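Before any comments, here is the structure.
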Amino acid sequence: MSKAKQLGERMADRGLVHIMAAHSPLSAILAEEAGFDGLWASGFELSALYGLADMSLITMTQHL
-4 MSKAKQLGER
6 MADRGLVHIM
16 AAHSPLSAIL
26 AEEAGFDGLW
36 ASGFELSALY
46 GLADMSLITM
56 TQHL
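First residue of the sequence shown: -4, per our numbering; consecutive thereafter.
In structure tokens form, the structure reads like this:
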């Protein structure tokens, strides 16, 4: 079963899930190992990681 489907089922069952912001692969691994239900990445986290202004200079596609 895909992780997206697993998350959808958890949301349907519990209504509340714990999502962690992840700005790097390491933070994503740590969040997964800590038991978070999912990950979230935003433009601010990516900009902060690369030391850039939060002006959409880095796209999610470039980061992944």
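Ideal placement from N, C-alpha and C gives every residue a C-beta, glycine not left out.
Since the structure is predicted, the reported quantities are computational estimates derived from the model, not experimental observations.
>> Which residues does DSSP list as the beta-bridge partners of residue 15?
In response: Against the sequence shown, residue 15 aligns to sequence position 20. According to DSSP, which records beta bridges pairwise, residue 15 is partnered with 34.
>> Is any non-hydrogen atom of the ligand MG found closer than 7 angstroms to the C-beta of residue 20, if you look at the structure I gave you?
In response: As for the ligand MG, it is missing from this structure, which has no ligand bound.
>> Taking only three categories from DSSP, how would you classify residue 49?
In response: Residue mapping note: residue 49 aligns to position 54 of the sequence shown, counting from 1. Correct three-state label for residue 49: coil.
> Which word fits residue 43, buried or exposed, when buried means at least 16 other C-beta atoms lie within 10 angstroms of its C-beta?
Replying inline: Taking the first residue of the sequence shown as position 1, residue 43 is located at position 48. With fewer than 16 other Cβ atoms within 10 Å, it is exposed.
> According to the Cβ coordinates, are residue 13 and residue 41 closer than 8 angstroms?
Replying inline: Taking the first residue of the sequence shown as 1, we reach residue 13 at position 18. Taking the first residue of the sequence shown as 1, we reach residue 41 at position 46. Their beta carbons are not under 8 angstroms apart, which means residue 13 does not touch residue 41 by this criterion.
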